[in-house]
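S.K.: With this note's numbering as the guide, the letters of the sequence shown map in order to residues 1 to 347.
For every residue, glycine included, the Cβ atom is placed at its ideal position computed from N, Cα and C.
Just so we're clear, the structure is a prediction, and the values are computed from it rather than from any experiment.
Have a look at this one before I ask anything.
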Amino acid sequence: MSEKSNCCNTTDDCCRECAVKTVGSSLSLSDVLGAWKVRWGIGRMDYSVAPGLYALGEPDNSSPVFVSANYKLTFDTLRKNLDGLNCWLLILDTNGINVWCAAGKGTFGTDELIHRIEASELSKFVSHKKLVLPQLGAPGISAHEVKRHSGFDVNYGPVRASDIKEYVNAGYKTTKEMRTVQFSLWDRLVLTPMELIPALKCSLPIFGVMLIANQFAATPFDKTDIVAHAGAVAAGTVLTPALLPYIPGKAFSIKGWLLGLGCTASILGLSGKLKKESRLLSAGYLLLFPAISAFLAMNFTGASTYTSPSGVKREVERALPLIVAAGAAGAALTLGAHLFRRGRAAR
């Protein structure tokens, strides 16, 4: 990206050009590496571009205006898929959040869109009054308010950026397929690192507690405990998103709990602990680890197209107290059994 620098400082039009950033459709190695890093949670909160008006190619006053968020991953995906088009990109300040999430939070919203139209002096660059917005941004936008305050009409384009060129070539008409929100296995798996990495970071103190407790525990924690915890994390952050459409239940917490229960029972069964150890310890495992899976799976509601803000709020209010209660009881039973009750195998 670069600022237009051919200003002669003699006309208003030229000075307006200086305020427009030019951008290409090709992604650099730095762009690709940056996208990979944020997928794995590295620098996620700082991955943004400056809001404002951008020129892609060589747009004129009749070129289309596409509105998007200033999350750089979203920005790069959009410009990459507009290769060959001469157009304007009006980028809103969404605090570095993608369009769909920002629309739910209100940052990809009516007031910001109106403000950005005025701040960029968009009407001086285009002779038409048409804006093309991503369909997933619709919850945050009041089209009639935008029209009333700015004079610009809001038009919703395809769900996927890859369909925009076809949409333009068809005279700005969308097909049913373009309007359909897809959330394929690949779409879900791409998002899992953002859930997995924080969960693994939180796991380090737990492993630390196990090592410290082993110095004086009656029944030391062993590899089965580590595998059971790892299985709970994997069930909540990877398996639940991957198998989301196929797991019974509507609530994400229930889906995660079911997978966590299955993983925990399988690991304990294969290790023989369900037979060798006390019922107290087994109960602790079966309360604690599925609760971890349920909590981690519930976090995925913010990344899924299956949910709504009101639905997420309702699930959190109902499920969180149960998850906390089960997790606390399970942790107490598990720690108590390890610290004070000697296992049969150790006698």
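Would the region 254-273 count as touching the region 204-218 if we require 3 or more Cβ pairs under 8 Å?
M.R.: The region 254-273, when compared against the region 204-218, does not touch it at the 8 Å Cβ threshold.
S.K.: For the beta strand (DSSP E) that contains residue 251, what are its first and last residues?
M.R.: Sequence index remark: in the sequence shown, residue 251 carries index 251 (1-based). Neither: residue 251 is in no beta strand (DSSP E) and is coded neither H nor E.
S.K.: Going by beta carbon distance, what residues of the same chain come within less than 6 Å of residue 232, once the five residues before and after it are set aside?
M.R.: Here the question's residue 232 lines up with position 232 in the sequence shown. Within the same chain, residue 232 has close Cβ partners 260, 289, 292, 293.
S.K.: Assuming residue 132 and residue 64 are in contact, meaning their beta carbons sit under 8 Å apart, how far apart are those beta carbons, in whole angstroms?
M.R.: One-based indexing of the sequence shown puts residue 132 at position 132. One-based indexing of the sequence shown puts residue 64 at position 64. With 8 Å as the limit, residue 132 and residue 64 qualify as a contact, their Cβ atoms being about 6 Å apart.
S.K.: For residue 273, which residues of its own chain have a beta-carbon under 8 Å away from its beta-carbon, when the five flanking residues on both sides are left out?
M.R.: Here residue 273 refers to the residue found at position 273 when the sequence shown is read from its first residue. Counting only Cβ-Cβ distances below 8 Å, and skipping sequence neighbours, we find 224, 281, 282, 285.
S.K.: Rounded to the nearest angstrom, how far is the Cβ of residue 298 from that of residue 327, given a contact under 8 Å?
M.R.: In the sequence shown, counting from the first residue as 1, residue 298 sits at position 298. In the sequence shown, counting from the first residue as 1, residue 327 sits at position 327. Actually they do not touch by this definition, with Cβ atoms about 12 Å apart.
S.K.: Less than 6 Å between C-beta atoms, sequence neighbours within five positions excluded: which residues of the same chain meet that for residue 143?
M.R.: Translated into positions along the sequence shown, residue 143 becomes position 143. For residue 143, where only same-chain residues beyond five positions count, the Cβ hits under 6 Å are 154.
S.K.: Please report how far the alpha carbon of residue 159 lies from the alpha carbon of residue 321, in whole angstroms.
M.R.: The residue labelled residue 159 in the question sits at position 159 within the sequence shown. The residue labelled residue 321 in the question sits at position 321 within the sequence shown. So the alpha carbons of these two residues sit roughly 36 Å apart.
S.K.: With a threshold of 7 Å on Cβ separation, who are the neighbours of residue 136 within its own chain once the five nearest residues in sequence on each side are excluded?
M.R.: What you label residue 136 is simply residue 136 of the sequence shown in a count that begins at 1. Excluding positions up to five away in sequence, the list reads 99, 100, 103, 159.
S.K.: Smallest Cα separation from residue 220: which of 242, 336, 118, 88?
M.R.: For the purposes of this step, residue 220 is taken as the residue at position 220 of the sequence shown. Nearest of 242, 336, 118, 88 to residue 220, Cα basis: 336.
S.K.: Kindly indicate the opening and closing residues of the alpha helix (DSSP H) around residue 30.
M.R.: Mapped onto the sequence shown, residue 30 falls at position 30. Run containing residue 30: 29-39, per the alpha helix (DSSP H) assignment.
S.K.: Can you give me the Cβ contacts of residue 62 inside the same chain, cut-off strictly under 8 Å, excluding the 5 residues immediately before and after it?
M.R.: The residue given as residue 62 occupies position 62 in the sequence shown. Same-chain partners within the cutoff: 126, 127, 128.
S.K.: Candidates 105, 94, 258: which alpha carbon is nearest residue 115's?
M.R.: Indexing the sequence shown from 1 puts residue 115 at position 115. Considering only alpha carbons, the answer is 94.
S.K.: Express the C-alpha separation of residue 229 and residue 74 in angstroms, rounding to a whole number.
M.R.: Here residue 74 refers to the residue found at position 74 when the sequence shown is read from its first residue. Here residue 229 refers to the residue found at position 229 when the sequence shown is read from its first residue. The straight-line gap from Cα to Cα measures roughly 34 Å.
S.K.: Work out the CA separation of residue 186 and residue 83 for me, nearest whole Å.
M.R.: Residue 83 sits at position 83 when you count from the first residue of the sequence shown. Residue 186 sits at position 186 when you count from the first residue of the sequence shown. When rounded, the distance between both Cα atoms is 24 Å.
S.K.: Is the distance from the Cβ of residue 189 to the Cβ of residue 234 below 8 Å?
M.R.: On the sequence shown, residue 189 is found 189 positions in, with the first residue counted as 1. On the sequence shown, residue 234 is found 234 positions in, with the first residue counted as 1. Taking 8 Å as the Cβ cut-off, residue 189 and residue 234 do not qualify as a contacting pair.
S.K.: Indicate the three-state DSSP secondary structure (helix, strand or coil) for residue 217 in the structure shown.
M.R.: Within the sequence shown, numbered from 1, the residue matching residue 217 stands at position 217. Of the three classes helix, strand and coil, the one that applies to residue 217 here is coil, per DSSP.
S.K.: Report the CB separation of residue 54 from residue 89 in whole angstroms; it is logged as a contact under 8 Å.
M.R.: Here residue 54 corresponds to residue number 54 of the sequence shown, with the count starting at 1. Here residue 89 corresponds to residue number 89 of the sequence shown, with the count starting at 1. Residue 54 to residue 89, Cβ: 4 Å. Contact.
S.K.: Starting from residue 130, follow its DSSP beta bridges and name the residues at the other end.
M.R.: By 1-based counting over the sequence shown, the position of residue 130 is 130. Paired residues: 153.
S.K.: Is it buried or exposed for residue 314, if we count other Cβ within 10 angstroms and need 16 for buried?
M.R.: As a working mapping, residue 314 is identified with position 314 in the sequence shown. By the neighbour-count rule (16 or more Cβ atoms within 10 Å), residue 314 is not buried but exposed.
S.K.: Roughly how many whole angstroms lie between the Cα atoms of residue 372 and residue 194?
M.R.: Residue 372 lies beyond the range of the chain shown here (1 to 347); nothing can be said about it.
S.K.: Which class does residue 22 belong to by DSSP, given the choice of helix, strand or coil?
M.R.: Locating residue 22 in the sequence shown gives position 22, counting from the first residue. In the structure shown, residue 22 sits in a strand (DSSP, three-state: E or B).
S.K.: Under 8 Å Cβ to Cβ from residue 310, same chain only, skipping five residues before and after it: list those, please.
M.R.: Taking the sequence shown and counting its residues from 1, one reaches residue 310 at position 310. So the list is empty, once near-sequence residues are dropped.
S.K.: Let's see if you can read the secondary structure: which residues bound the beta strand (DSSP E) around residue 68?
M.R.: Position 68 of the sequence shown holds residue 68. First-last of the beta strand (DSSP E) with residue 68: 65-69.
S.K.: Where does residue 328 sit, in a helix, a strand or coil, going by DSSP?
M.R.: Taking the sequence shown and counting its residues from 1, the one referred to as residue 328 is at position 328. In this structure, residue 328 counts as helix in the three-state DSSP scheme.
S.K.: Please report how far the alpha carbon of residue 16 lies from the alpha carbon of residue 120, in whole angstroms.
M.R.: Counting from one through the sequence shown, the residue named residue 16 turns up at place 16. Counting from one through the sequence shown, the residue named residue 120 turns up at place 120. With a pLDDT of only 44 at residue 16, under the threshold of 50, the placement of this residue in the model should not be trusted; the figure read from the coordinates follows. Straight-line Cα distance between these residues: approximately 9 Å.
S.K.: Using beta-carbon positions only, say whether residue 161 and residue 78 come within less than 8 Å of one another.
M.R.: Against the sequence shown, residue 161 aligns to sequence position 161. Against the sequence shown, residue 78 aligns to sequence position 78. Yes. Within cutoff.
S.K.: How long is the line joining the alpha carbons of residue 251 and residue 28, rounded to whole angstroms?
M.R.: Along the sequence shown, read from residue 1 onward, the residue named residue 251 stands at position 251. Along the sequence shown, read from residue 1 onward, the residue named residue 28 stands at position 28. Their backbone Cα atoms lie some 40 Å apart in a straight line.
S.K.: Report the three-state DSSP secondary structure of residue 285 (helix, strand or coil).
M.R.: Position 285 of the sequence shown holds residue 285. Three-state result, residue 285: helix.
S.K.: Just checking my contact of residue 238 with residue 270 at CB under 8 Å: how many whole Å lie between their CB atoms?
M.R.: Looking up residue 238 in the sequence shown gives position 238. Looking up residue 270 in the sequence shown gives position 270. In fact, because the Cβ distance is near 20 Å, the residues do not count as touching under 8 Å.
S.K.: Do residue 110 and residue 146 count as a contact pair if the criterion is CB distance below 8 Å?
M.R.: As a position in the sequence shown, residue 146 is number 146, starting the count at 1. As a position in the sequence shown, residue 110 is number 110, starting the count at 1. Contact flag set, yes.
S.K.: Going by C-alpha to C-alpha distance, which of 87, 57, 33 sits closest to residue 72?
M.R.: Counted from its first residue, the sequence shown places residue 72 at position 72. Comparing Cα-Cα distances from residue 72 to each of 87, 57, 33, the minimum goes to 33.
S.K.: Kindly provide the ranges of any beta strand (DSSP E) runs that are 3 or more residues long and lie completely inside the region 75-144, ordered along the chain.
M.R.: Within the region 75-144, the complete beta strand (DSSP E) runs of at least 3 residues are 87-92, 130-133.
S.K.: Looking at C-alpha atoms only, which residue of 76, 296, 176 is the closest neighbour of residue 354?
M.R.: Residue 354 lies beyond the range of the chain shown here (1 to 347); nothing can be said about it.
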